[in-house]
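**Student:** The following block contains the structure, expressed as C-alpha cells.
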Amino acid sequence: MIQILLTRLLLPFLAFFARPRQMPPQRILVIQAAKIGDAICTSPLLRELRLGFPQAHITLYAGPAAAPLLQASPRIDALQVLDSRQYKGLVAKWRLAREIRHQRFDTVLCCNGGALWPSVLAWAGIPLRIGVVPNFRGRSMEAACKLWTHGIAHQGQRLIVETYFEMLAVLGLAPIDRDKEVFSAPGAVARVAALLPAGGPTVGLAVSAANKLKELGEEKLAAVARLVLDARPEVRVVFLGGPGDGPQAEHLRSLLPSGLAPRLLDACGRLDLGDLPALVSRLDLFIGVDSGLTYLADALGVPLVSIAGPCNMAETRPVGARAVILQEQLPCLPCAHIFRAPYSCRVGTRACIHQIDAARIATAAIALLPPCPTELH
C-alpha cells in the first residue's frame, strides 16, 4: 500500500520523464498473464488492435500456462513469457519496470487485475496506460487502479470482451466482432493426423480442470463416455488433458468395458499446447467443464457441452451457436468470477457439479452429434 501511495505522489514527476504519447500508437504492450481460458477471451482485443493499427508493433506479455497457445497468433509481433509470481519484492518490480521501459512502449492495455501492474507500468514511463478495474478489489487495488491514465471498470453482469472493447474505445476503435480465435503451431495438422487417424465422429472429453472445484470426477466422466458410446456405436471418444492427466485418463479407461477400448483414444500430454487447436478442430463435439479447453473449442466453432459449475456465465461463457451450457440455479451461484476465483466450495457440497448428472450431460451431447448414418436413409 505504501508503494502505491508513493507512486501516486510521484506521478507528476514520472509523467515529466515519460515518453510522449503517440496517436496512432506505434508500440503497444498488451498484458494477459492469466490462464488459457482468459487468454483465449482476450483474442478479440488482439485482433481488433491489429486491424485498427496495422502499422503498430504489438507485444503480448503472457503467462507460462497460455504462452505456447499464443505463439502462432498473427495479431502480435512479439510474445514474452512473464510469470508475475517472480515479481514479489520492490527490487524485482523495479527491475521489471526497467525492462519494460527499455522497450519504449507508448501504449499499454492491461487485462489483468492485481496491484503489480499499475505501479510498474507507471514507473516504466508508458504515457497511455489503459487497465481493467476489477469488480472485486480491496483497498490496495482500489488505490492502485488510480494509477491508470484510463481505468475501465469491469462489471460482472456483462461479458469481459465488452470491458476489453471499452478499453479499445480509448484508442478511438469501435470493434463489433466478439468472436474468439486461436491458431495452431506450424506443422500441427500433420502431428495431429499421426495421433488421431481418420475415423468416425469424434467426441473430445476433458478429463480434468486446473481448478479442482470444477471437476466432474472420474466416475461421472466414465458414465458420460459410456452413455455416448452406447447410444452411438459409430462414435469414438478422445480423452483430452495435459501431461499430468495421463494417469487419470488411464483410470477412466479402466472404468469402461474392455469392449469399448478400440473406440477410446488418449491424447493427454501427447501434443504440445500449440498443437491443440489442430486437434480440437477435428472434433465433432467437445464435453468439458468451464476451462481453457472449453474456450478453445468455442473459439474453433466446435459444438460443445459445458458444465459451468460455480462460474459466472454473465461475464465469460461459450457463445457459439451450438454451445450448450449446463448449470443449476442455486442460491450460492455464481461464486467463481474472473477476478475472484475460489478453489473450494464455501458451503461444502459442490452441488453445482454433483446435481448435473451423467445422463443429462450425455443427452445434451448426443443431441449435438451429427446424424447417425442409418438415420439418413
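Mapping to my numbering: the sequence shown position 200 is 931, numbers consecutive.
The beta carbon of each residue, even a glycine, is placed where N, CA and C say it ideally should be.
In its own chain, which residues sit with a C-beta less than 7 Å from the C-beta of E1054, not counting the 5 before and 5 after it?
**Tutor:** Numbered from its first residue, the sequence shown carries residue 1054 at position 323. A small correction: the amino acid at residue 1054 is Ala; Glu does not occupy that position in the sequence shown. D1029, L1035 and S1037, listed in sequence order.
**Student:** If contacts are defined as beta-carbon pairs under 8 Å, then A793 and L780 qualify, I think. What distance do you get, rounded to the angstrom?
**Tutor:** Along the sequence shown, read from residue 1 onward, the residue named residue 793 stands at position 62. Along the sequence shown, read from residue 1 onward, the residue named residue 780 stands at position 49. At roughly 15 Å, the Cβ-Cβ gap does not stay under 8 Å, so A793 and L780 are not in contact.
**Student:** Counting C-beta neighbours from all protein chains within 10 Å, is the total for D1088 16 or more, i.e. buried, or is it exposed?
**Tutor:** Translated into the one-based positions of the sequence shown, residue 1088 becomes position 357. The residue in question, D1088, is exposed, as its Cβ has fewer than 16 Cβ neighbours within 10 Å.
**Student:** Tell me whether the stretch 908-920 and the stretch 767-784 touch, counting them as touching only if at least three CB pairs, one residue from each stretch, are closer than 8 Å.
**Tutor:** Judged by Cβ distances under 8 Å, the stretch 908-920 makes contact with the stretch 767-784, as three or more pairs qualify.
**Student:** Pick out whichever of L760, L890 and A853 has its Cα sitting closest to the Cα of I839.
**Tutor:** For the purposes of this step, residue 839 is identified with residue 108 of the sequence shown, where counting begins at 1. Sequence inspection shows Val at residue 839; the Ile mentioned does not correspond to that position. For V839, the nearest C-alpha among the options comes from L760.
**Student:** If V920 and A1009 are in contact, beta carbons under 8 Å, what's the gap, nearest whole angstrom?
**Tutor:** If you number the sequence shown from 1, residue 920 lands on position 189. If you number the sequence shown from 1, residue 1009 lands on position 278. Rounded, the Cβ-Cβ distance is 5 Å, consistent with contact.
**Student:** Does the Cβ of M754 have 16 or more other Cβ atoms within 10 Å, making it buried, or fewer, making it exposed?
**Tutor:** Sequence index remark: in the sequence shown, residue 754 carries index 23 (1-based). Counting Cβ neighbours within 10 Å, M754 comes out exposed, since fewer than 16 surround it.
**Student:** Could you spell out where the alpha helix (DSSP H) holding R835 opens and where it closes?
**Tutor:** By one-based count along the sequence shown, residue 835 stands at place 104. Note, R835: premise wrong, no alpha helix (DSSP H); not H, not E.
**Student:** Since F683 is in the alpha helix (DSSP H), which residue starts that stretch and which ends it?
**Tutor:** Any question about residue 683 goes unanswered here, given that the chain covers just 732 to 1108.
**Student:** Evaluate H1108 with the Cβ neighbour count: other Cβ atoms within 10 Å of its Cβ, from every protein chain shown; 16 or more gives buried, anything less gives exposed.
**Tutor:** Counting from one through the sequence shown, the residue named residue 1108 turns up at place 377. Note on H1108: pLDDT 45, under 50, position unreliable in the model; the coordinate value appears next. The residue is exposed, with fewer than 16 neighbouring Cβ atoms inside 10 Å.
**Student:** Is it buried or exposed for I907, if we count other Cβ within 10 angstroms and need 16 for buried?
**Tutor:** Working through the sequence shown from its first residue, we reach residue 907 at position 176. Exposed is the call here.
**Student:** Should L821 be labelled buried (16 or more other beta-carbon atoms within 10 Å of its own) or exposed?
**Tutor:** As a position in the sequence shown, residue 821 is number 90, starting the count at 1. Looking at its Cβ environment, which holds fewer than 16 other Cβ atoms inside 10 Å, L821 is exposed.
**Student:** Under 8 Å between the Cβ atoms of L1024 and L971?
**Tutor:** As a working note, residue 1024 is residue 293 in the sequence shown. As a working note, residue 971 is residue 240 in the sequence shown. Their beta carbons are under 8 Å apart, which means L1024 touches L971 by this criterion.
**Student:** With distance defined between alpha-carbon atoms, name the residue in D1021, T894 and A1045 nearest to I1084.
**Tutor:** Counted from its first residue, the sequence shown places residue 1084 at position 353. Nearest C-alpha to I1084: D1021.
**Student:** Quickly, what does DSSP pair L840 with across the bridge? List them, please.
**Tutor:** Indexing the sequence shown from 1 puts residue 840 at position 109. DSSP, once it has assigned bridges, lists V761 and I861 as partnering L840.
**Student:** Where does I789 sit, in a helix, a strand or coil, going by DSSP?
**Tutor:** As a first step, residue 789 is located in the sequence shown; it is residue number 58 there, counting from the start. It is a strand residue.
**Student:** Which residue wins for smallest C-alpha separation from F867, given the options R806, G887, A797 and A937?
**Tutor:** On the sequence shown, residue 867 is found 136 positions in, with the first residue counted as 1. Among R806, G887, A797 and A937, the Cα nearest to that of F867 is on G887.
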